[in-house]
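Per this note's numbering, numbering through the sequence shown is continuous, rising by one, with the last residue being 337. Note that CB positions come from ideal geometry on N, CA and C, so glycine has one too. Worksheet: one structure, shown below.
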Amino acid sequence: MLVLFHKPFNVLCQFTDRSATPRRTLAEFGLPPNVYPAGRLDFDSEGLLLLTDDGALAHRITDPRHKLAKTYLAQVEGTPTATALQRLRSGVDLKDGTTLPAEARPLERAPEWLGPRDPPVRFRKTVPDAWIELTIREGRNRQVRRMTAAVGLPTLRLVRVRVGDCSLDDLAPGAHRIIESQARRHPRGTPR
C-alpha cells in the first residue's frame, strides 16, 4: 500500500513522541494501520509525505542511489536574484559538501491552492519575501533550508509538493489518499 499524506506544519513524521513536551504526530490523522513514512519531512515543514507498508517500496523511494526528484515550494526572505538561482542550479557548498544541482525557478506568488499556514508566517513590513520552486535529487538533513540560506534567501515556509510522480494535488492538510493498482506497487518516478 502507498499512502500520500499532506503533513501539516508542526507535525512529527512518526506515530509516537516521547519528548517531555509532546508534539502532534501522525497517529492523530486516521492513517491506515501498519504504514510507516518512506522518508522524512521536517517538523516545521509541510506537504507531501509518502507512507507504505511495503519495505521494498520504501527502500526504492528513499535509497539515495535512485536520486528520486523531490519538489518544494519555498517562501523565502528577500528577493531571488538571477545569481542566487544560478547558485542553486549549480550546486551549493554546505558544511557536509556540495549539493547536487537543483532545478530552481522563481514564482510570481504562492499557488492559489496553498492556503495560509497555521500559525501564519511572520510578516515584516521592511523585508520582502518571495516564492521559489526547487527540485532536488538528494535528501540531506534540512537541505532546502540550508541551500536557500547559503544563497542569502532564508526559508520562511517550506511545502513539499512532489516526490517522483506522486503529487500533493488537491489534498488538504491532514488528508490522505491511497494509490491503487499498478501504481501502488511501482509509482511512476520510483525505480522498479
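Is the CB-CB distance between residue i and residue j below 8 Å?
i      : j      : result
Pro225 : Ala294 : no
Val156 : Thr170 : yes
Cys311 : Leu233 : no
Thr243 : Gln288 : no
Asp241 : Arg210 : no
Could you check if residue i is buried or exposed, using at least 16 other CB atoms within 10 Å of its CB as the buried criterion?
i      : result
Leu193 : buried
Ala227 : exposed
Phe268 : exposed
Arg205 : buried
His321 : buried
Ala165 : exposed
Arg168 : exposed
Ala112 : The chain is shown from 146 up to 337; residue 112 falls before or after that span and cannot be answered.
Ile277 : buried
Gln231 : exposed
For my contact list, residue i and residue j are in at a C-beta cut-off of 8 Å; report their separation, rounded to the angstrom.
i      : j      : result
Arg282 : Ala183 : With a Cβ gap of about 16 Å, Arg282 and Ala183 do not count as contacting.
Arg307 : Leu313 : 7 Å
Leu218 : Val304 : 5 Å
Leu279 : Ala229 : In fact, because the Cβ distance is near 11 Å, the residues do not count as touching under 8 Å.
Please state whether DSSP places residue i in a helix, a strand or coil.
i      : result
Val289 : helix
Gln159 : coil
Thr244 : coil
Arg136 : Past the boundaries of the shown model lies residue 136; the chain is included only from 146 to 337, so the question cannot be answered.
Leu176 : coil
Gly200 : helix
Thr271 : coil
Ser312 : strand
Ala219 : strand
Arg234 : helix
Closer than 7 Å by C-beta to residue i: which residues in its own chain qualify, once you throw out the five before and the five after it? Chain order, please.
i      : result
Phe160 : Thr170, Leu171 and Ala172
Asp162 : Arg168 and Thr170
Glu222 : Val272, Asp274, Leu298, Pro299 and Leu301
Leu186 : Lys152, Cys158, Gly192, Leu194 and Arg305
Ser235 : Pro246
Val266 : Gln220, Leu301 and Arg302
Counting only the same chain and skipping the five closest in sequence on each side, list residues whose C-beta sits under 6 Å from that of residue i.
i      : result
Arg290 : Thr300
Gly92  : The first residue shown for the chain is 146 and the last is 337, placing residue 92 beyond what the model contains.
Val237 : Thr244, Met292 and Ala295
Ser190 : Leu303
Pro251 : Pro225 and Ile277
Please return the same chain residues whose Cβ sits closer than 8 Å to the Cβ of residue i, not counting the five positions on each side in sequence.
i      : result
Thr197 : Met146, Leu147, Val148, Val180, Tyr181, Ala183, Ala203 and Ile206
Trp346 : A query on residue 346 cannot be resolved here, the shown segment of the chain reaching from 146 to 337 and no further.
Pro256 : Leu218
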